Amino acid sequence: MKFKTFAWITLLMLLFSVQSFAQETLQELAMTLGKQFHKQKIAVVNFSCINTHSLTASSIIQERLTTFMGSDKSLTVVERSKLDTILKEQELQLSGAVDADTAQIAGKLLAVDVIITGTILYLTNNEIEVYARALDVKSGKILTTTKAIIKKDWQDNEILNTIETPTTIPQIAAEHFKAGSDYYSQGKYSIAIEFFNRVIAHSPDFANAYLYRGVAYYKKGKYDYALMDLNKAIEINPELSQAYYQRAIFYKFVKVEYESAIEDFDKAIELNPNISSYYTER
Numbered sequence: 005m006k007f008k009t010f011a012w013i014t015l016l017m018l019l020f021s022v023q024s025f026a027q028e029t030l031q032e033l034a035m036t037l038g039k040q041f042h043k044q045k046i047a048v049v050n051f052s053c054i055n056t057h058s059l060t061a062s063s064i065i066q067e068r069l070t071t072f073m074g075s076d077k078s079l080t081v082v083e084r085s086k087l088d089t090i091l092k093e094q095e096l097q098l099s100g101a102v103d104a105d106t107a108q109i110a111g112k113l114l115a116v117d118v119i120i121t122g123t124i125l126y127l128t129n130n131e132i133e134v135y136a137r138a139l140d141v142k143s144g145k146i147l148t149t150t151k152a153i154i155k156k157d158w159q160d161n162e163i164l165n166t167i168e169t170p171t172t173i174p175q176i177a178a179e180h181f182k183a184g185s186d187y188y189s190q191g192k193y194s195i196a197i198e199f200f201n202r203v204i205a206h207s208p209d210f211a212n213a214y215l216y217r218g219v220a221y222y223k224k225g226k227y228d229y230a231l232m233d234l235n236k237a238i239e240i241n242p243e244l245s246q247a248y249y250q251r252a253i254f255y256k257f258v259k260v261e262y263e264s265a266i267e268d269f270d271k272a273i274e275l276n277p278n279i280s281s282y283y284t285e286r
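Have a look at this one:
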């Protein structure tokens, strides 16, 4: 009896130590990042999953990093609820695929100095490797990188199965848009387009879905489809500066219609004058 009791106590201690180690490792990652950005305002955004489409993993990593970094009194960390509200209002999608232009836009919207994002890689033995990047919102450049290996202590909800689950249409659209963005960042444009198609099927007024699908078509050389989607994105949301910018790029390099390109560059700058590439491309 004593042996069984001892065995159970030992097992519970091992399980507890594994979970503590997982969180400690991620906490150390947060501390490593935090030490470099004293007295700065930080936003932790979505992480892209490289070899799965689990929304759960991205959400949990984002939430835990926000909590750990928020405990550092020398930092100002944007609350996740406020972050999500602002990004949804502006129809801005942030993930591990954040580029320099998007970082600048997000920095202005969130009034932050640094954006923390990155990627998640599923390993064997129920482990996950987290790669984190800190981006300077003024230049969009990577300031530092770090990584951690943690134990997965949650149940995944795979994105490809959500279409069959009793969830809301906006939630389905958001999940498919996230998957499409991840595939786009990996250069898998055909798969990305399929996910953006699903977004539009559920939410036909989702301007960013047309924008990103249009850019994916552009990458594949399907220029007529690209132009139609960029036009549609602008029709739905005339305040979407990125759509004007991408259409200007189309006119500049595909149609070689410089006057049309300049008009769209001008409009993009009018809507968001803080993006340096709008000026350099013009």
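Counting in our numbering, the sequence shown runs from 5 upward without gaps.
The beta-carbon is built from N, C-alpha and C at its ideal position, and this holds for glycine as well.
The model shown is predicted, which means the values in this text are computed figures rather than measured ones.
Three-state secondary structure (DSSP) of D209: Correct three-state label for D209: coil.
Limits of the unbroken beta strand (DSSP E) element including T123: Going by DSSP, T123 is part of the beta strand (DSSP E) stretching over V118 to Y126.
Contacting residues, own chain, Cβ-Cβ under 8 Å from M73 (five flanking each side not counted): In the same chain as M73, and ignoring 5 residues on each side of it, the C-beta atoms closer than 8 Å to its own belong to A34, L37, G38, I46, V48, L79, V81 and I120, in chain order.
Cut-off 6 Å between Cβ atoms - residues of its own chain near K256, not counting five sequence neighbours on either side: When the five nearest sequence neighbours on each side are left out, the beta carbons in the same chain lying within less than 6 Å of the beta carbon of K256 are those of A265, in order along the chain.
Runs of alpha helix (DSSP H) wholly within the stretch 177 to 231 (minimum 4 residues, chain order): The stretch 177 to 231 is shown to contain whole alpha helix (DSSP H) runs of 4 or more residues at 193 to 206 and 211 to 223, in chain order.
Where D233 sits in the DSSP three-state scheme: For D233, the three-state secondary structure derived from DSSP is helix.
Where the alpha helix (DSSP H) through E133 begins and ends: First-last for E133: E131 to D140, but that is the beta strand (DSSP E), not the alpha helix (DSSP H).
E131 burial status per 10 Å Cβ neighbour count (16 or more: buried): Under this definition E131 is an exposed residue.
As assigned by DSSP and simplified to three states, the class of L147: In the structure shown, L147 sits in a strand (DSSP, three-state: E or B).
Contact check, Y193 vs K224, beta carbons under 8 Å: Their beta carbons are under 8 Å apart, which means Y193 touches K224 by this criterion.
Counted within 10 angstroms of its Cβ, other Cβ atoms place H206 as buried (16 or more) or exposed: The residue is buried, with at least 16 neighbouring Cβ atoms inside 10 Å.
Straight-line gap, M17 to D157 (C-alpha atoms, nearest Å): For M17, the pLDDT reaches just 45, beneath the cut-off of 50, and the residue's location in the model is therefore unreliable, although a value from the coordinates is still provided. So the two alpha carbons sit approximately 16 Å from each other.
Cβ pair L69, L30 closer than 8 Å: When the beta-carbon positions are compared, L69 and L30 come within less than 8 Å of each other.
Short Cβ contact (8 Å threshold) for S189 with S52: With respect to S52, S189 sits close: the two C-beta atoms are nearer than 8 Å.
CB of T123 within 8 Å of CB of A138, strictly: A138 is positioned such that its CB atom lies no closer than 8 Å to that of T123.
Beta-carbon gap between L275 and R251 smaller than 8 Å: Going by C-beta atoms, L275 is not nearer than 8 Å to R251.
Simplified DSSP assignment, three categories, for A107: Annotated three-state conformation of A107 is helix, per DSSP.
N50 to S63 span [Cα, whole Å]: In a straight line, the C-alpha of N50 is about 7 Å away from that of S63.
Residues that T80 bridges to, as DSSP identifies them: According to DSSP, which records beta bridges pairwise, T80 is partnered with K45.
K259 to Q175 span [Cα, whole Å]: Their backbone Cα atoms lie some 37 Å apart in a straight line.
Burial state of D186, where buried means 16 or more other Cβ atoms lie within 10 Å: Around the Cβ of D186, a 10 Å sphere holds 16 or more other Cβ atoms; the residue is buried.
One or two residues paired with A152 in a DSSP bridge: Here A152 is bridged, per DSSP, to V134.
Limits of the alpha helix (DSSP H) - the one that Y283 falls within: Element bounds for Y283: S280 to E285.
Nearest candidate by alpha-carbon position, reference K271, set L231, S280, E243 and S281: Looking from the CA of K271, the closest CA among L231, S280, E243 and S281 belongs to E243.
Expected contact under 8 Å - CB spacing of A107 and G144 to nearest Å: Yes, A107 and G144 are in contact; Cβ-Cβ is about 4 Å, under 8 Å.
Element boundaries [alpha helix (DSSP H), containing D270]: Residues Y262 to L275.
Alpha-carbon to alpha-carbon, E32 and H180: Rounded to whole angstroms, the gap between the alpha carbons of H180 and E32 is 32 Å.
As assigned by DSSP and simplified to three states, the class of S75: In the structure shown, S75 sits in coil (DSSP, three-state: anything other than H, G, I, E or B).
Among L127, K142 and I195, nearest to A152 - alpha-carbon criterion: Comparing Cα-Cα distances from A152 to each of L127, K142 and I195, the minimum goes to L127.
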